[in-house]
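A.B. asks: The structure follows.
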Amino acid sequence: MPDDSTAGLRTQALRFLVTGVFSAVVDYGLVMALSQLGAAPNAANIVGFVVGTTVAYLINRRWTFQAEPSAKRFAQVALLYTAAFLLRAGIFAGALALARSWEVSKFLAESGAWVLAQGTVTVMNFLVQRMVIFRAPARLPDAPGQASRPGGA
Numbered sequence: 001m002p003d004d005s006t007a008g009l010r011t012q013a014l015r016f017l018v019t020g021v022f023s024a025v026v027d028y029g030l031v032m033a034l035s036q037l038g039a040a041p042n043a044a045n046i047v048g049f050v051v052g053t054t055v056a057y058l059i060n061r062r063w064t065f066q067a068e069p070s071a072k073r074f075a076q077v078a079l080l081y082t083a084a085f086l087l088r089a090g091i092f093a094g095a096l097a098l099a100r101s102w103e104v105s106k107f108l109a110e111s112g113a114w115v116l117a118q119g120t121v122t123v124m125n126f127l128v129q130r131m132v133i134f135r136a137p138a139r140l141p142d143a144p145g146q147a148s149r150p151g152g153a
């Protein structure tokens, strides 16, 4: 049987994945829709990212990490998402330029660039949120010679 930390990690990873898939559908849908409506691919990518990550933050804070609202956490997540955005934008632009040099279809170029960029920042986001932003407080051991008693008595 897995210990609590392993079970917690698995539960959080699964919830993060489910939330990420939902948020990615929102993000990707916006990127593709805006692109089809004539928006520049990088502009569409910005809008998709902002809306998708906002949805992800709201769901992850409550469901994945079961955390109460906090101005400090919000600021940390905003900083993380800013770094993630810059990383994702760079990967997206580079991958898009590379894909276009291969003369693949616009859809394949934009989709491939999006998947590579999003996959990279998803892993980064989970690790930073789990290990830093929404980290559970460390448990303090019982005082030497004192065992915990049910009911705190």
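Numbering-wise (the UniProt record's numbering), the sequence shown opens with residue 1 and increments by one.
Just so you know, even glycine gets a beta-carbon here, dropped at the ideal spot from N, CA and C.
As the structure is a prediction and not an experimental result, all values here were calculated from the model.
Quick check on the DSSP output: the alpha helix (DSSP H) that includes Gly-112 runs from which residue to which?
C.D. replies: Per DSSP, Gly-112 belongs to the alpha helix (DSSP H) from 106 to 128.
A.B. asks: Restricting to Cα atoms, I'd like to know which of Gln-66, Val-51 and Leu-116 is closest to Ala-93.
C.D. replies: Taking only the C-alpha atoms, the option nearest Ala-93 is Leu-116.
A.B. asks: DSSP three-state call for Trp-102: helix, strand or coil?
C.D. replies: Here Trp-102 sits in coil by DSSP.
A.B. asks: For Pro-69, does the count of other Cβ atoms within 10 angstroms reach 16, so buried, or fall short, so exposed?
C.D. replies: Looking at its Cβ environment, which holds fewer than 16 other Cβ atoms inside 10 Å, Pro-69 is exposed.
A.B. asks: Taking the alpha-carbon positions, what's the Asp-27 to Val-55 distance?
C.D. replies: Rounded to whole angstroms, Asp-27 to Val-55 spans 9 Å at the Cα level.
A.B. asks: By the 10 Å Cβ neighbour count, where 16 or more other Cβ atoms means buried, how is Phe-16 classified, buried or exposed?
C.D. replies: By the 10 Å Cβ count, Phe-16 comes out buried.
A.B. asks: If you run the structure through DSSP and keep just helix, strand and coil, what is Arg-88?
C.D. replies: DSSP places Arg-88 in helix when its eight states are reduced to three.
A.B. asks: For Val-91, which residues in the same chain have their Cβ closer than 7 Å to its Cβ, ignoring the five residues on either side in sequence?
C.D. replies: Reading off the sequence shown, one finds Ile at residue 91, where the question assumed Val. Leu-116, Ala-117 and Thr-120, listed in sequence order.
A.B. asks: Only counting the same chain, and skipping five residues up and downstream in sequence, which positions put a Cβ closer than 7 Å to that of Arg-149?
C.D. replies: Because the pLDDT of Arg-149 is 46, which lies under 50, any placement of that residue in the model is unreliable, and the number read from its coordinates should be weighed accordingly. Excluding residues within five positions, none has a Cβ falling inside 7 Å.
A.B. asks: Starting from the Cα of Trp-114, find the closest Cα among Val-25, Val-18 and Gln-12 and give me that residue.
C.D. replies: It is Val-25.
A.B. asks: Rounded C-beta distance between Asn-60 and Thr-19? I'm assuming under 8 Å.
C.D. replies: Right, the Cβ-Cβ distance comes to about 5 Å (below 8 Å), so this counts as a contact.
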